[in-house]
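Numbering (the working numbering), first residue to last: 307 to 529.
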């Protein structure tokens with residue numbers, strides 16, 4: 307019986323990744339570095355490496371790069387506090403799922419950014435808790451974030467489903483022994499999701515997808 311849902315945040319519930327990309331691109335542009343969407347995708351969404359090494363290669367000091375990080379954070383906060391960030395259908399999906407499942411969020415976002423995002427969405431009222439960067443030993447694609455969430459929720463892995471949008475999130479969930487439904491975004495659509503339990507095109511379909519998984523399990527099948 308599926309009783310628990312662990313949600314990724316950026317790209318699944320809120321459409322914030324494009325604003326993070328925009329903030330980084332603006333800072334890099336001011337330093338004379340042009341960042342493509344593919345560079346962003348590979349460095350941040352696939353390898354979790356970041357892009358500051360490009361400035362190190364140009365001779366910028368650690369102190370200067372620290373200042374650039376602050377500038378990026380300032381721009382990102384400005385965007386998420388003023389732009390329409392909720393994924394279409396997310397509020398409706400959460401409203402339908404509440405009461406049927408216990409739900410929490412597991413994100414790699416900084417706590418300050420996360421709280422700024424959800425001051426506007428109201429989504430946290432549906433959640434038991436949220437884990438953000440620093441609440442676990444290692445970030446995705448390591449399984450630590452989801453293993454930490456399972457312990458905190460006291461949830462068996464076989465009764466839990468993860469909702470993700472990226473390969474690193476999928477790898478984290480699978481590494482923790484969890485079923486994972488993936489909803490790709492424009493930035494992650496070309497990634498390999500062959501290990502996902504299901505791949506959907508809309509958050510609105512999560513409820514029905516979980517029912518399908520449950521039906522297979524109840525019939526004695528595996529998924």
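By construction, the Cβ of each residue, glycine as well, lies at the ideal position given by its N, Cα and C atoms.
Where residue i falls, given that 16 or more other Cβ within 10 Å makes a residue buried
i: residue 424; result: buried
i: residue 342; result: exposed
i: residue 264; result: This structure cannot settle anything about residue 264, because the visible part of the chain is limited to 307 through 529.
i: residue 496; result: exposed
i: residue 323; result: buried
i: residue 498; result: exposed
i: residue 522; result: exposed
i: residue 507; result: exposed
i: residue 390; result: exposed
i: residue 474; result: buried
i: residue 512; result: buried
Beta-carbon separation (whole angstroms), residue i vs residue j, contact threshold 8 Å
i: residue 455; j: residue 312; result: 5 Å
i: residue 392; j: residue 320; result: 6 Å
i: residue 415; j: residue 446; result: Actually they are not in contact, since the Cβ atoms of residue 415 and residue 446 sit about 11 Å apart, beyond 8 Å.
i: residue 434; j: residue 409; result: 7 Å
i: residue 325; j: residue 386; result: 6 Å
i: residue 413; j: residue 399; result: Actually they do not touch by this definition, with Cβ atoms about 17 Å apart.
Pairwise C-alpha distance: residue j and residue i
i: residue 388; j: residue 362; result: 32 Å
i: residue 418; j: residue 461; result: 27 Å
i: residue 317; j: residue 491; result: 7 Å
i: residue 457; j: residue 373; result: 37 Å
i: residue 494; j: residue 404; result: 27 Å
i: residue 357; j: residue 504; result: 31 Å
i: residue 354; j: residue 514; result: 32 Å
i: residue 411; j: residue 420; result: 10 Å
i: residue 481; j: residue 451; result: 10 Å
i: residue 427; j: residue 519; result: 29 Å
i: residue 377; j: residue 336; result: 11 Å
i: residue 439; j: residue 527; result: 36 Å
i: residue 346; j: residue 339; result: 13 Å
i: residue 501; j: residue 371; result: 37 Å
i: residue 476; j: residue 344; result: 20 Å
i: residue 463; j: residue 489; result: 20 Å
i: residue 401; j: residue 448; result: 30 Å
i: residue 365; j: residue 359; result: 10 Å
i: residue 524; j: residue 367; result: 59 Å
i: residue 517; j: residue 529; result: 12 Å
i: residue 459; j: residue 510; result: 24 Å
i: residue 430; j: residue 422; result: 12 Å
Delimiting residues of the beta strand (DSSP E) encompassing residue i
i: residue 310; result: 310-313
i: residue 408; result: 408-412
i: residue 487; result: 485-488
i: residue 386; result: Element bounds for residue 386: not the beta strand (DSSP E) but the alpha helix (DSSP H), 368-388.
i: residue 469; result: 466-470
N- and C-terminal bounds of the alpha helix (DSSP H) containing residue i
i: residue 524; result: 512-524
i: residue 459; result: 450-459
i: residue 275; result: Residue coverage of the chain in this structure runs from 307 to 529, which leaves residue 275 outside it and unanswerable.
i: residue 362; result: 359-362
i: residue 345; result: 343-346
i: residue 433; result: Taken as a continuous stretch (DSSP letters only), residue 433 belongs to no alpha helix (DSSP H), as it is neither H nor E.
i: residue 392; result: Here residue 392 belongs to no alpha helix (DSSP H), and DSSP marks it neither H nor E.
i: residue 307; result: Note, residue 307: premise wrong, no alpha helix (DSSP H); not H, not E.
i: residue 333; result: 323-336
i: residue 478; result: 473-481
heavy atom of the ligand MG below 7 Å from residue i C-beta
i: residue 518; result: This structure lacks the ligand MG, and indeed carries no ligand of any kind.
So, does the region 317-337 touch the region 376-391, judging by three or more C-beta pairs under 8 Å? Touching, yes.
Is the region 339-354 in contact with the region 395-410, if contact means three or more CB pairs nearer than 8 Å? Taking 8 Å as the limit for Cβ pairs, the verdict is that the region 395-410 does not touch the region 339-354.
Touch test, the region 484-493 against the region 458-472, Cβ-Cβ under 8 Å, three pairs minimum: At 8 Å Cβ cutoff, the stretches touch.
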